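Chains as they are written, first to last, in the numbering used here: chain A, 10 to 270; chain B, 10 to 270; chain C, 10 to 270; chain D, 10 to 270. The beta carbon of each residue, even a glycine, is placed where N, CA and C say it ideally should be. Only a predicted model underlies this, so the values are computations on that prediction, with no experimental measurement involved. Single-structure report; data block below.
Number of protein chains: 4
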Amino acid sequence: MVELTDRLVIAGEALSSRLILGTGGASSLAALEAAITASATAMVTVALRRVDAAAGQPGGLIDLIDRCGVRVLPNTAGCYTAAEAVKVAHLAREAFATNWVKLEVIGDDRTLLPDAVELVRAAEQLVDDGFVVLPYTTDDPVLARRLADLGCAAVMPAGAPIGSGLGITNPHHIRLIRQVVDVPVILDAGIGTASDAALAMELGCDAVLLATAVTRAQDPTAMAHAMRHAVTAGRLAAGAGRIPRRFHALASTPDEGRPDL
Amino acid sequence: MVELTDRLVIAGEALSSRLILGTGGASSLAALEAAITASATAMVTVALRRVDAAAGQPGGLIDLIDRCGVRVLPNTAGCYTAAEAVKVAHLAREAFATNWVKLEVIGDDRTLLPDAVELVRAAEQLVDDGFVVLPYTTDDPVLARRLADLGCAAVMPAGAPIGSGLGITNPHHIRLIRQVVDVPVILDAGIGTASDAALAMELGCDAVLLATAVTRAQDPTAMAHAMRHAVTAGRLAAGAGRIPRRFHALASTPDEGRPDL
Amino acid sequence: MVELTDRLVIAGEALSSRLILGTGGASSLAALEAAITASATAMVTVALRRVDAAAGQPGGLIDLIDRCGVRVLPNTAGCYTAAEAVKVAHLAREAFATNWVKLEVIGDDRTLLPDAVELVRAAEQLVDDGFVVLPYTTDDPVLARRLADLGCAAVMPAGAPIGSGLGITNPHHIRLIRQVVDVPVILDAGIGTASDAALAMELGCDAVLLATAVTRAQDPTAMAHAMRHAVTAGRLAAGAGRIPRRFHALASTPDEGRPDL
Amino acid sequence: MVELTDRLVIAGEALSSRLILGTGGASSLAALEAAITASATAMVTVALRRVDAAAGQPGGLIDLIDRCGVRVLPNTAGCYTAAEAVKVAHLAREAFATNWVKLEVIGDDRTLLPDAVELVRAAEQLVDDGFVVLPYTTDDPVLARRLADLGCAAVMPAGAPIGSGLGITNPHHIRLIRQVVDVPVILDAGIGTASDAALAMELGCDAVLLATAVTRAQDPTAMAHAMRHAVTAGRLAAGAGRIPRRFHALASTPDEGRPDL
């Protein structure tokens, strides 16, 4: 089956996949490894908090990621203020030896949606501190442009609350974001199933980040396969120039040449 | 990339693909051949009317289909009465040497939606005449069950009017159909882009039939690739046990083990 | 508050309301009477089966309807074949002294959706027998036109299964029906809340029939009031020429005259 | 027709209508006056820029508003920074002799969506300055709660871009906002037709603000009537306890007592 050949490029680095996988929610390291392999992802996100003593051991999470040969994107999950997120980002830079960070500054623990004001503050600081900042943001096009303008390497709008599986609750806003920023747009959070991921790409996103949809599916490996195909399908479709929507039908077979009965 | 291994079985015959391609609307035979190859379809539909003198010549449509090694599913496109459709089906059986027929009995030329009453009449006759009947039907679950009960080998509900690209206008009805028939359900008509095809499979369809979405896309080959991935994605997702939809968020990274800052 | 002045006309008879109320599901006759009054309906449907000995007594259902001064539209709820529905219609004509009938021929007891084939058969018979036939039909535009063409006085497409509260699952089909029939289109079944009823009218329906949404609401009288307003709102909006949908914004306040700060 | 009796209360003031009307886009003062009357609104918004010499003259906009007996809510339309919006708010306080202000700080001129960061800044300043601040905000629940927490008297989330007529593009976010703030939630912007306004109220909004949907409709007076009914319908429905959504049908008429045929 034909694969995508155009690469996702973030901050000058090309990635071989447009699917980014979160590592949270997996039932075991073995399940996670199977999902990573099946998804063919080239980058996984890891929360600093998950990197405790066990994670660093042989056979731990870090080991697994190394073995899979994928890039690590540390995230600041669980931070509720700019100050906290900036601190975690710096710790992560040491721990993972990478200046890339998925910046999360959460507004409340029920929706886990970003706090716009604190997010901008943290992003400004981290850009100043030399990080490659990929902010998890709301689907607000004005905020997305502000983040891009201040130097973020990508913007990662939420399709819906993390883990909700609601898909993309506001496709119109994702389209608007695509129009107003020049950096990659990565749909992050809300994806429930394969068609959601395909839709994200068709709306113009450059990549999709998901975790729960795969790690908590009944068969994570099968869903990881599905998501790989879905992202490829959506990307190809986005470039193929779809037919316009029509209120009435358009016969695929013209009326001429109809046999005389 | 992992492929589907479970086969679509219609009337006891296994097909190697869950994507059925219509041949109408292609700009040229070369474009059609490229799309067939890219889609990896195992069966194409052909309207009898398209099989004129030219089609039978070397280098014509029949030749192309033979060369691609795909099965032909003749259709009765353009028929407005049961009598007409039955006649065309018989002619097609002779012309294509197959007793399979995609039965279309159209109600009007603006929507090209099926005429329920004439469709049932034609299906009854053709089943009696020994055909393997695959009726293009409305998304009405009661009608679908009636068609299955009278011996149709599959049911092919419309997602939306032919060529409209509106996708699946009533997912609820497709789900209902899936519950009430035991034969394969093939989403037929309305598909505009890849996510529509993935959704069809997630709703429980066994296959997707589409023509215009590929043949009239700006880049039919790319869209055929996209559709192939989309059908695979949707099928895998349908079997993977998706996460439930939740109103609020569910953290992928648990709160325990958060670093003490 | 301004009321609608254009009347719903069915078979030459003008009705003072575009809301038709079903009487099933009410917790008591008193609750039903309050709902009828609050809705300002001019016609209620009654299943023949409900008209048992008790219904005919003083203080029974028939008495209540007389007292409310509304028209009765008998229905053939619970009939699964044309023969059965025709019989019930004739019994109802005797019992209620009206040749109007809401024709229901149900396909199965889980969806309670109409059976297209039996419905057409029953409608033909009842039109021949001199009834004013209002068929509860699917949202299939071809079937709706067939029913109108054979002499039905209105068509009553389902928005969604009876009692489901799903609203209008396929607005596109309701629009298509509005285009292809000249008789009144009455949205029947599926309505859950006020905005559903308003939408039905905006899609071009001439009236809305609902029962469960009012009779099983926690406060049936309040919901009846809501539905009255909703139908009026939708009807007025349908005639007011709504603004077009735009992808981007359109400032309501022009930029000229902006104060110089 | 029954009217709502529960009042919208903002900052301790009760208003007799839950529909707030913008004055922009009207073709003439006469058209505007007719719309105000038909809508039965109790408060209209006016952009300071519209209050030029002409507006203050006898027969001008101010005169019209006085004559209609409705409250004025000055807005800061057209402001792109906090500083600008604060200045305009102060000018408006002088001009209109009211400390109420609808605070708009726009992020860009294509979407006219709010700029979260500047909006918060301006809101903080104006609350400090003793204004009753009603901010036009995004549909972001975290931002809405922040605005409520800093002392805004209401929050006014956008349903869709101003003048777009797209309705409520993200009902899920409106529900979330309703859950997390204690001040009135007023749906502001995006409304295209009556069912949109009814839906806003059903989602839990306390009021709806709209302009273009009425002023630019083909018949603004009829649409104003429609909106009045729609807001009432939605409010009543929200309080009436709607039936739950069900996948299958629920017969309104029980099977018992079915006549024996």
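- By the Cβ rule, the segment 99-107 of chain D counts as touching the segment 72-90 of chain D, because three or more pairs are nearer than 8 Å.
- In this model, B/ILE74 and B/ALA49 are separated by some 13 Å (Cα to Cα).
- Under the 10 Å beta carbon count, A/GLY21 is surrounded by fewer than 16 other beta carbons and is classified as exposed.
- The beta carbon of C/ALA222 is closer than 6 Å to those of ILE200, GLY201 in its chain, skipping five residues each way along the sequence.
- Inclusion of D/ALA125 and A/ASP149 in the CB contact set at 8 Å is warranted, their separation being smaller than that value.
- For the pair C/ALA216 and B/ARG16, the Cα-to-Cα distance works out to about 48 Å.
- In this structure, C/THR120 sits away from C/PRO180, with a CB-CB distance that is not shorter than 8 Å.
- In the DSSP assignment, C/VAL142 falls within the unbroken beta strand (DSSP E) covering 141-146.
- Under DSSP, B/VAL217 takes part in a beta bridge, and its partners are B/LEU28, B/LEU196.
- Given a length threshold of 3 residues, each whole run of the beta strand (DSSP E) inside the segment 97-150 of chain C is given here in chain order: 109-112, 141-146.
- Note that the C-beta distance between C/VAL192 and C/GLY213 is not below 8 Å.
- By the neighbour-count criterion, in which a residue is buried when 16 or more other Cβ atoms sit within 10 angstroms of its Cβ, C/THR14 is exposed.
- By the neighbour-count definition (other C-beta atoms within 10 Å, threshold 16), C/ARG244 is a buried residue.
- DSSP places D/THR46 in the helix class (H, G or I) of the three-state scheme.
- With contacts defined as CB atoms closer than 8 Å, B/SER173 and A/LEU259 qualify as a contacting pair.
- Under the 10 Å beta carbon count, A/ARG155 is surrounded by 16 or more other beta carbons and is classified as buried.
- The beta carbon of D/PRO144 sits closer than 7 Å to those of LEU112, LEU128, ALA132, LEU156, CYS161, VAL164, MET165, all from its chain and outside the five residues before and after it, given in chain order.
- Counting only the Cα atoms, A/ALA246 lies some 12 Å from A/ALA206.
- Remark: C-beta atoms of D/GLY34 and D/ALA220 approach each other more closely than 8 Å.
- For B/ALA101, the closest alpha carbon among the candidates B/ASP117, B/HIS257, B/ILE19, B/THR54 is that of B/THR54.
- Contact of B/VAL129 with chain C by beta-carbon distance below 7 Å involves VAL126.
- Under the Cβ criterion of 8 Å, D/MET232 is counted among the residues facing chain C.
- D/GLY31 reaches chain C at SER261, counting residues in chain order whose Cβ is nearer than 7 Å.
- Here B/ARG225 is buried, its C-beta having at least 16 other C-beta atoms within 10 Å.
- Within the same chain, ALA203, ALA206, ALA207 come within 6 Å of A/ALA239 by CB-CB distance, once the 5 residues on both sides are set aside.
- At least one CB atom of chain A sits nearer than 8 Å to the CB of B/GLU211.
- Between C/LEU57 and D/ARG254, the CB-CB gap reaches or exceeds 8 Å.
- DSSP places A/THR54 in the uninterrupted beta strand (DSSP E) bounded by 52-56.
- Put simply, the CB of C/PRO123 is far from chain D, with every gap to its CB atoms at 8 Å or more.
- Under the Cβ criterion of 8 Å, A/ASP138 is not counted among the residues facing chain D.
- Annotated three-state conformation of D/PRO253 is coil, per DSSP.
- In this structure, the beta-carbon distance from C/ALA209 to C/ILE252 does not fall below 8 Å.
- In chain order, ALA131, GLN134, LEU135 place their CB closer than 7 Å to the CB of D/VAL95, counting only its own chain and leaving out the 5 sequence neighbours on each side.
- In terms of beta-carbon proximity, C/LEU152 lines the interface with chain B, with at least one pair separated by less than 8 Å.
- Nearest Cα to B/LEU159 within the set B/ALA167, B/VAL142, B/MET232: B/VAL142.
- The beta-carbon separation of A/LEU28 and A/ARG187, rounded to 18 Å, does not stay under the 8 Å limit for a contact.
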